[in-house]
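**Student:**
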Amino acid sequence: MRTLFPRWARWVAATLGVLLVGVMAFAIFEPIQVLPRMHLAPGFALTDQSGDIFTSEDTRGTVTLYTFAWAGCGDECSDLDSTMATVRDRVAAEVDLGETEFRLVTMSFGGDAIEDLSAAATESGADGEAWRWGVADPALAKTIIGSGFRAFYEPLGGGGFRFDPTFVLVDGWGVVRGEYRYATLAGTDDRIVRHVDVLAQELRNSNGVASLAYEAAHLFLCYP
Amino acid sequence: MKRLVIVLVAVVVVAAAGLAVTRSLRPHLYAGTVLQSPQPAPEFTLPAHTGAEVSPADHRGDIVLLYFGYTHCPDVCPLTLSSVAKALDQIGDDAERVHLMMITVDPERDTLEVLGDYMGHFDESFLGLSGDPDEIARIAALYGVFYRAGEGDESTGYVVDHTATLMAIDPTGALRVVYSPEIGADALAPDLKELLG
Numbered sequence: 190m191r192t193l194f195p196r197w198a199r200w201v202a203a204t205l206g207v208l209l210v211g212v213m214a215f216a217i218f219e220p221i222q223v224l225p226r227m228h229l230a231p232g233f234a235l236t237d238q239s240g241d242i243f244t245s246e247d248t249r250g251t252v253t254l255y256t257f258a259w260a261g262c263g264d265e266c267s268d269l270d271s272t273m274a275t276v277r278d279r280v281a282a283e284v285d286l287g288e289t290e291f292r293l294v295t296m297s298f299g300g301d302a303i304e305d306l307s308a309a310a311t312e313s314g315a316d317g318e319a320w321r322w323g324v325a326d327p328a329l330a331k332t333i334i335g336s337g338f339r340a341f342y343e344p345l346g347g348g349g350f351r352f353d354p355t356f357v358l359v360d361g362w363g364v365v366r367g368e369y370r371y372a373t374l375a376g377t378d379d380r381i382v383r384h385v386d387v388l389a390q391e392l393r394n395s396n397g398v399a400s401l402a403y404e405a406a407h408l409f410l411c412y413p
Numbered sequence: 055m056k057r058l059v060i061v062l063v064a065v066v067v068v069a070a071a072g073l074a075v076t077r078s079l080r081p082h083l084y085a086g087t088v089l090q091s092p093q094p095a096p097e098f099t100l101p102a103h104t105g106a107e108v109s110p111a112d113h114r115g116d117i118v119l120l121y122f123g124y125t126h127c128p129d130v131c132p133l134t135l136s137s138v139a140k141a142l143d144q145i146g147d148d149a150e151r152v153h154l155m156m157i158t159v160d161p162e163r164d165t166l167e168v169l170g171d172y173m174g175h176f177d178e179s180f181l182g183l184s185g186d187p188d189e190i191a192r193i194a195a196l197y198g199v200f201y202r203a204g205e206g207d208e209s210t211g212y213v214v215d216h217t218a219t220l221m222a223i224d225p226t227g228a229l230r231v232v233y234s235p236e237i238g239a240d241a242l243a244p245d246l247k248e249l250l251g
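Those protein sequence lines, which keep their order, are chains A and B.
The numbers in my numbering rise by one with no breaks, and the one at position 24 of the first sequence is 213.
The numbers in my numbering rise by one with no breaks, and the one at position 10 of the second sequence is 64.
1) Under 8 Å, with one C-beta from each stretch per pair, do the segment 275-283 of chain A and the segment 376-383 of chain A reach the 3-pair mark?
2) Out of B:PRO225, B:VAL199, B:SER234, state which residue places its alpha-carbon closest to the alpha-carbon of GLY232 of chain A.
3) Inspect the beta-carbon positions of ILE157 of chain B and LEU183 of chain B and report whether they are closer than 7 Å.
4) Please tell me whether LEU58 of chain B and VAL152 of chain B are closer than 7 Å, where the distance is taken between their beta carbons.
5) Please state whether DSSP places ASP305 of chain A in a helix, a strand or coil.
6) Which chain A residues sit within Cβ distance under 7 Å of TYR192 of chain B?
7) With contact counted as at least three CB pairs below 8 Å, one residue from each stretch, are the segment 243-255 of chain A and the segment 285-303 of chain A in contact?
8) Give me the residue from A:ARG393, A:GLY317, A:TRP259 with the minimum Cα distance to GLY347 of chain A.
9) Since I believe ARG163 of chain B is in contact with HIS216 of chain B (beta carbons under 8 Å), could you give me their beta-carbon distance rounded to a whole number of angstroms?
10) What does a CB cutoff of less than 6 Å around GLY123 of chain B pick up in its chain, not counting 5 residues either side in sequence?
11) Could you check where the beta strand (DSSP E) with PRO344 of chain A kicks off and where it finishes?
12) CB-CB under 6 Å to PHE352 of chain A, same chain, minus the five flanking residues each way: which ones, in chain order?
13) When the Cα atoms are used, what is the spatial distance from ALA309 of chain A to LEU229 of chain A?
14) Which one of B:HIS103, B:LEU83, B:LEU242 has the shortest CA to CA distance from LEU166 of chain B?
15) Within a Cβ cutoff of 8 Å, which residues of the same chain sit near VAL108 of chain B, ignoring the five residues on either side of it in sequence?
16) Report the CB separation of PRO225 of chain A from TYR371 of chain A in whole angstroms; it is logged as a contact under 8 Å.
17) Note down, in chain order, each residue of its chain lying with its Cβ closer than 6 Å to the Cβ of VAL284 of chain A, except the 5 sequence neighbours on either side.
18) Roughly how far, in whole angstroms, is the beta-carbon of MET244 of chain A from the beta-carbon of ILE303 of chain A, given that I think they are within contact range, below 8 Å?
19) Any heavy atom of the ligand SAH closer than 6 Å to the CB of MET296 of chain A?
20) Can you have a look at ASP316 of chain A and say buried or exposed, based on whether 16 or more other CB atoms are within 10 angstroms of its CB?
21) Is the beta carbon of LEU249 of chain B closer than 7 Å to that of ILE145 of chain B?
22) Identify the contact partners of VAL130 of chain B in chain A, using a Cβ-Cβ distance below 8 Å as the criterion.
23) With DSSP as the reference, label HIS216 of chain B as helix, strand or coil.
24) Would MET296 of chain A pass as a contact of PHE356 of chain A if the rule is Cβ separation under 7 Å?
25) With distances taken from CA atoms, which of B:LEU83, B:VAL67, B:LYS56, B:ALA111 is nearest ALA243 of chain B?
26) Quick one: Cα of GLY376 of chain A to Cα of ALA399 of chain A, how far?
27) How many angstroms separate the CA atom of ALA228 of chain B from the CA atom of ASP160 of chain B?
28) With H, G and I counted as helix, E and B as strand and the rest as coil, what does DSSP make of VAL276 of chain A?
29) Hey, how far is the Cα of GLY170 of chain B from the Cα of PHE176 of chain B?
30) Return the first residue and the last residue of the beta strand (DSSP E) that SER297 of chain A is part of.
31) Taking C-beta to C-beta, are PHE298 of chain A and PHE338 of chain A nearer than 7 Å?
32) Give the residues of chain B in contact with GLU404 of chain A, contact being defined as C-beta atoms less than 7 Å apart.
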């Protein structure tokens, strides 16, 4: 039987077809998922609940979850503290981050005395190592939290603040990989833990051939 | 025999063509960390050693490489700036569309005159920027840069610990790629070509 195209042309077409289908399947079925690289987290130097300085450079190489509050927040921030504690415990129990450490930071809107910060940190369950509270000069805090982390807050009379509860997940390169500003049907801690797990898988496969597949997942926007 | 030679030649030609097509279709893999949904780079205007007030927005349509360093920096700053200078050499005429700005993290010692002398050692096109310390602190925070004066010795004076990432702002004005300070010229040059399109 005569055919329109020679055999080699059919082989080339078949190979290209398989490649095309493979690429489309990757983009549609997303066998690998990644968290988007959203924007750079801000640089900072904070004083923690022990009076020690810690900086954004100290979080390099770790996966860090940030939230924003102030020492006198009390019951208004109990959900934030409870979510941070739950995420800390669940990540430790459920996520394999390999050699990468998971840290948590509660950043104060500014102006807290160290003893107040220390009391609030103790109340929340922050241990000063894996979970630290930190405070900066109020003017710089506005730049760091408001502009850098894009979390809304504004001072009220009497030392309080109006604010949107916010969590921000940052990878070891200082890039924001997740922002959580409101509760959904899936609880905030569920979403954060799931996202830390997605990030952990990417970190564990960040070398060699597997890293190419993860770059492809970024290219095709395979986001959870 | 003749038929075999023709088949072999055809196979080689098809393989070469396939390879060429694959390479041309393959997305560029950047040597730095790419921000997938790039957002406008934080704006600023600072005085440069040339005497002009400069902003990344002045170079829309080109690439701006942004770096935070200082002239007394003993190691990482000169290495990074040298790598950028070599990368610009490698990309030929396209180098005219790449603008490096170094914002000093040591405005006390780095006057515009000092910055001018220092930047000239690497490339005449490099710009040294300084300004009000509070404004520099604000800009640095927005670009994810931390810095703090630390101890030094009599020969160097104090040193400044600082984040040493190199950042690329693409022609649309978006912060697009973040490089570690160890980036080499051979890795950076292809990225610059790609960003220029």
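Note that CB positions come from ideal geometry on N, CA and C, so glycine has one too.
**Tutor:** Here's the rundown:
1) yes
2) B:VAL199
3) yes
4) no
5) helix
6) Correcting the residue type first, residue 192 of chain B is Arg in the shown sequence and not Tyr. Those within 7 Å of ARG192 of chain B in chain A are THR332.
7) yes
8) A:TRP259
9) Not quite, the Cβ-Cβ distance comes to about 14 Å (not below 8 Å), so this is no contact.
10) CYS131, MET156
11) 342-344
12) TYR342
13) 28 Å
14) B:HIS103
15) THR99, LEU100, PRO101, ALA102, MET155, LEU181, LEU183
16) Not really, about 18 Å apart at Cβ, beyond 8 Å.
17) VAL385, ASP386, ALA389
18) Looking at the sequence provided, one finds Thr at residue 244 of chain A rather than Met. The Cβ separation is near 17 Å, so there is no contact.
19) Within the structure as shown, the ligand SAH is missing, as the structure has no ligands at all.
20) exposed
21) no
22) Chain A residues near VAL130 of chain B: none, gap ~13 Å exceeds 8 Å.
23) strand
24) no
25) B:LEU83
26) 31 Å
27) 26 Å
28) helix
29) 11 Å
30) 291-297
31) no
32) LEU83
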